[in-house]
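Peer 1: Submitted below is the structure of interest, expressed as structure tokens.
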Amino acid sequence: MLYFSDALNACGLTENQKYADELATKNKAIAMFFAENKIEGTPQPIVASPLTEGYRTTTKRRANHFRGGFSFGVDEVPRNEPKAHHDIYKYIENLLRTPSYKPLADALNWAIVRGSYTSQTIIFNVGELNAAIVRKLKLAAEHIQKGLPTVAAAHVYVARASDYYLEMDQPTDSLSFKQLFGPKELSIKIGNFYLRYPVTGFSQINESQVPNMLRIASEMAQLDSKTDFIDLYCGYGLFALGMGEQARHVLGAEWTGESIKCAKRSADYLKRNAHFIAGKIDCTFIEKLPKPEHPEVILLDPPRKGTLAGVIKSVAKRNPIRVIHIFCGTDDIPRSVCEWNAENYHIKRVQPLDMFPHTQHLETLVLLERN
2 MLYFSDALNA
12 CGLTENQKYA
22 DELATKNKAI
32 AMFFAENKIE
42 GTPQPIVASP
52 LTEGYRTTTK
62 RRANHFRGGF
72 SFGVDEVPRN
82 EPKAHHDIYK
92 YIENLLRTPS
102 YKPLADALNW
112 AIVRGSYTSQ
122 TIIFNVGELN
132 AAIVRKLKLA
142 AEHIQKGLPT
152 VAAAHVYVAR
162 ASDYYLEMDQ
172 PTDSLSFKQL
182 FGPKELSIKI
192 GNFYLRYPVT
202 GFSQINESQV
212 PNMLRIASEM
222 AQLDSKTDFI
232 DLYCGYGLFA
242 LGMGEQARHV
252 LGAEWTGESI
262 KCAKRSADYL
272 KRNAHFIAGK
282 IDCTFIEKLP
292 KPEHPEVILL
302 DPPRKGTLAG
312 VIKSVAKRNP
322 IRVIHIFCGT
332 DDIPRSVCEW
342 NAENYHIKRV
352 QPLDMFPHTQ
362 HLETLVLLER
372 N
């Protein structure tokens, strides 16, 4: 198998290419990747990112501890991060270098900034909480509210004996979450409405590409009043609520309960005919879903590691008229497409999006139908 990173290297991707050249290289690489791995279909030209610099809405900094000092270790603004994030990290770094903040500096694993391009939330990932650390966190929160006007909230994320910061498969039995100030949820604007999601929940890091993603998925789905729409790995309901309004009924499923709670509240507020359930998305889960009584369109947006064994086969048993499989990990495409082909589903359209400029990653939407 040819890995996508190898295809990029073979096509001449370099770290400091101009964006137009980078995009051309990625187009050559995705075409090579499909050809060398004998994947049916021809990728359409990659949809460029509206923002090519400072596009990330989630960033992180690891705390570096050394004798007599503390640092986040980044002095220049990375190309893919907003300057506002960099300014927040410098503010926190200067604060924690103060001797009186040593208990908090020593306990800090990561600082995370999330939000939109205009409003941010800070999350302190600490290894422990005690009275001294709590006092310093509260004092830091007061300074942040005064010194960082775009920061709307701050929270503490306790990670005992773990190097996770905000991963999808975080070991929730060893973590706790505390509010310092501001809302416990974040929001993203979808057209003329907002969707809310948990501070620790997954959301696309390139908010500028979300409208393109929803538009393309909607074109592929062709939903109407006679079709049901199932959104697997639905998170807080981005696709279910962002494009499902035309469907007869919408069902969203996700393993994390907090995201599902947000999706349910959004559906109630928007008065949408959508139902959301939480559970581990495996073949057993799929087989327990209500039997289809109307034509179905099914969208799968799994994490980078892909679907669990048996999920594709179980979805195919429902005989959906269209399937949209979204790949965050390009290298998972050959395996998954092979599984779809075994169930007589074949590619009708391949649309890559440059969700991650200046990296070796793409987001790829694949439309499949049964022959």
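Residue numbers (our numbering): 2 to 372. Glycine is no exception: its CB is placed at the ideal position from the N, C-alpha and C atoms.
Indicate the three-state DSSP secondary structure (helix, strand or coil) for W256 in the structure shown.
Peer 2: One-based indexing of the sequence shown puts residue 256 at position 255. The three-state reading of DSSP puts W256 in coil, since its state is none of H, G, I, E or B.
Peer 1: Compute the Euclidean distance between the alpha carbons of N227 and H276, then round it to the nearest angstrom.
Peer 2: For this step, residue 227 is matched to residue 226 along the sequence shown. For this step, residue 276 is matched to residue 275 along the sequence shown. As written in the sequence, residue 227 is Lys, which differs from the Asn given in the question. One C-alpha to the other measures close to 17 Å.
Peer 1: Suppose you measure from the CA of F286 to the CA of G280; what does that come to, to the nearest Å?
Peer 2: Residue mapping note: residue 286 aligns to position 285 of the sequence shown, counting from 1. Residue mapping note: residue 280 aligns to position 279 of the sequence shown, counting from 1. Distance between the alpha carbons of F286 and G280: 7 Å.
Peer 1: Does the distance from the CB of S188 to the CB of L196 come in under 9 Å?
Peer 2: Stepping through the sequence shown from its first residue, residue 188 is reached at position 187. Stepping through the sequence shown from its first residue, residue 196 is reached at position 195. With respect to L196, S188 sits close: the two C-beta atoms are nearer than 9 Å.
Peer 1: Rounded to a whole number of angstroms, what is the C-alpha to C-alpha distance between F357 and T257?
Peer 2: Locating residue 357 in the sequence shown gives position 356, where the first residue counts as 1. Locating residue 257 in the sequence shown gives position 256, where the first residue counts as 1. So the alpha carbons of these two residues sit roughly 25 Å apart.
Peer 1: Apart from the five residues on each side of it in sequence, which residues of its chain come closer than 8 Å, Cβ to Cβ, to R57?
Peer 2: For this step, residue 57 is matched to residue 56 along the sequence shown. So the list reads N81, E82, P83, H86, I206 and N207, once near-sequence residues are dropped.
Peer 1: Going by C-alpha distance, which of I334, H295 and L309 is nearest N320?
Peer 2: Along the sequence shown, one-based indexing puts residue 320 at 319. Checked all of I334, H295 and L309; the closest Cα to N320 is H295.
Peer 1: Buried or exposed, going by whether 16 or more other CB atoms sit within 10 Å of the CB of H326?
Peer 2: Walking along the sequence shown from the start, residue 326 turns up at place 325. Looking at its Cβ environment, which holds 16 or more other Cβ atoms inside 10 Å, H326 is buried.
Peer 1: Can the beta-carbon of E370 be found less than 9 Å from the beta-carbon of I322?
Peer 2: Reading the sequence shown from its first residue, position 369 is the one you call residue 370. Reading the sequence shown from its first residue, position 321 is the one you call residue 322. Against a cut-off of 9 Å, the Cβ pair of I322 and E370 comes out as a contact.
Peer 1: For Y234, count the other beta carbons within 10 Å of its own beta carbon; 16 or more makes it buried, fewer makes it exposed. Which is it?
Peer 2: Along the sequence shown, read from residue 1 onward, the residue named residue 234 stands at position 233. With 16 or more other Cβ atoms within 10 Å, it is buried.
Peer 1: Do you know whose CA, among G13, F35, R68 and A132, lies nearest D332's CA?
Peer 2: The residue labelled residue 332 in the question sits at position 331 within the sequence shown. It is F35 whose Cα lies nearest to the Cα of D332.
Peer 1: Considering just the uninterrupted stretch of the alpha helix (DSSP H) at R336, what are its terminal residues?
Peer 2: Against the sequence shown, residue 336 aligns to sequence position 335. Annotation for R336: the continuous alpha helix (DSSP H) segment containing it runs I334 to A343.
Peer 1: Looking at the unbroken alpha helix (DSSP H) that takes in H86, where does it start and where does it end?
Peer 2: Mapped onto the sequence shown, residue 86 falls at position 85. From DSSP, the alpha helix (DSSP H) with H86 extends over K84 to L97.
Peer 1: Keeping to the same chain, check which residues put their C-beta closer than 7 Å to that of A248; ignore five residues upstream and five downstream.
Peer 2: For the purposes of this step, residue 248 is identified with residue 247 of the sequence shown, where counting begins at 1. If we look at A248 and ignore the five residues flanking it on each side, its Cβ neighbours are L224, T228, D229 and F230.
Peer 1: For the alpha helix (DSSP H) containing K29, name the first residue and the last one.
Peer 2: Here residue 29 is taken as the residue at index 28 of the sequence shown, counted from 1. Taken as a continuous stretch (DSSP letters only), the alpha helix (DSSP H) holding K29 covers Y20 to E37.
Peer 1: In chain order, what residues of the same chain lie with their CB nearer than 6 Å to the CB of G42, ignoring the 5 residues before and after it?
Peer 2: For the purposes of this step, residue 42 is taken as residue 41 along the sequence shown, with counting starting at 1. Contacts found: I348 and V351.
Peer 1: Which value, in whole angstroms, describes the spacing of the CA atoms of K137 and A108?
Peer 2: The residue given as residue 137 occupies position 136 in the sequence shown. The residue given as residue 108 occupies position 107 in the sequence shown. Approximately 11 Å, taken between the alpha carbons.
Peer 1: Using three-state DSSP, classify E143 as helix, strand or coil.
Peer 2: Translated into the one-based positions of the sequence shown, residue 143 becomes position 142. DSSP places E143 in helix when its eight states are reduced to three.
Peer 1: Considering only DSSP beta bridges, list what F277 is partnered with.
Peer 2: As a working note, residue 277 is residue 276 in the sequence shown. Answer is G253.
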